[in-house]
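This report refers to the structure that appears directly beneath it.
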Amino acid sequence: MRGSKMVLTGAVLAFGMWGAAIAAPAVVPAQPAVEDCQKMGGEVSALIDKQNTSPNLPAARSAFQVGIMECMDGDDAAANKHYQDAKKLLTEDQKVTPPPAPAQKKQAG
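The sequence shown begins at 957 in this note's numbering and counts up one residue at a time.
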């Protein structure tokens, strides 16, 4: 009788601990804070309006549009990366290389 009580008590304790382990919330490691993509997108949008004569405007707009799509999908980190790329294109003094000059034809003669 004593042996069966010990087995029963052990089983009850095991099931109790197992139930507590299932009910306990999982520990999630802290993620570094990511800036809100809507805020950063607004800043880049204003910069695009301000730098409307930049030679890199088409590339910046393209990166900005990709950022908007990422932000709408809820991926703030990816959106902010594209916004940073757009901002970099508009704020750094990057020159667009001019097209090559047409080759002059040799005159026969």
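The C-beta atom is built at its ideal place from N, Cα and C for all residues, glycine as well.
Terminal residues of the alpha helix (DSSP H) in which residue i lies
{"i": "residue 1048", "result": "No alpha helix (DSSP H) holds residue 1048; DSSP gives it neither H nor E."}
{"i": "residue 1018", "result": "1013–1028"}
{"i": "residue 994", "result": "993–1006"}
From the options, residue whose alpha carbon lies closest to that of residue i
{"i": "residue 1043", "options": "1003, 991, 993, 994", "result": "1003"}
{"i": "residue 1018", "options": "1000, 1033, 1031, 961", "result": "1000"}
Residues near residue i by beta carbon distance below 7 Å, same chain, minus five either side
{"i": "residue 1041", "result": "1019"}
{"i": "residue 994", "result": "1027"}
Cβ-based neighbour list, residue i, same chain, cut-off 8 Å, excluding 5 preceding and 5 following
{"i": "residue 997", "result": "1020, 1023, 1024, 1027, 1035, 1039"}
{"i": "residue 990", "result": "1032, 1033, 1036"}
{"i": "residue 992", "result": "1032"}
Neighbourhood of residue i by C-beta distance below 6 Å, restricted to the same chain and skipping five residues each side
{"i": "residue 1015", "result": "1045"}
{"i": "residue 1010", "result": "1046"}
{"i": "residue 1007", "result": "1046"}
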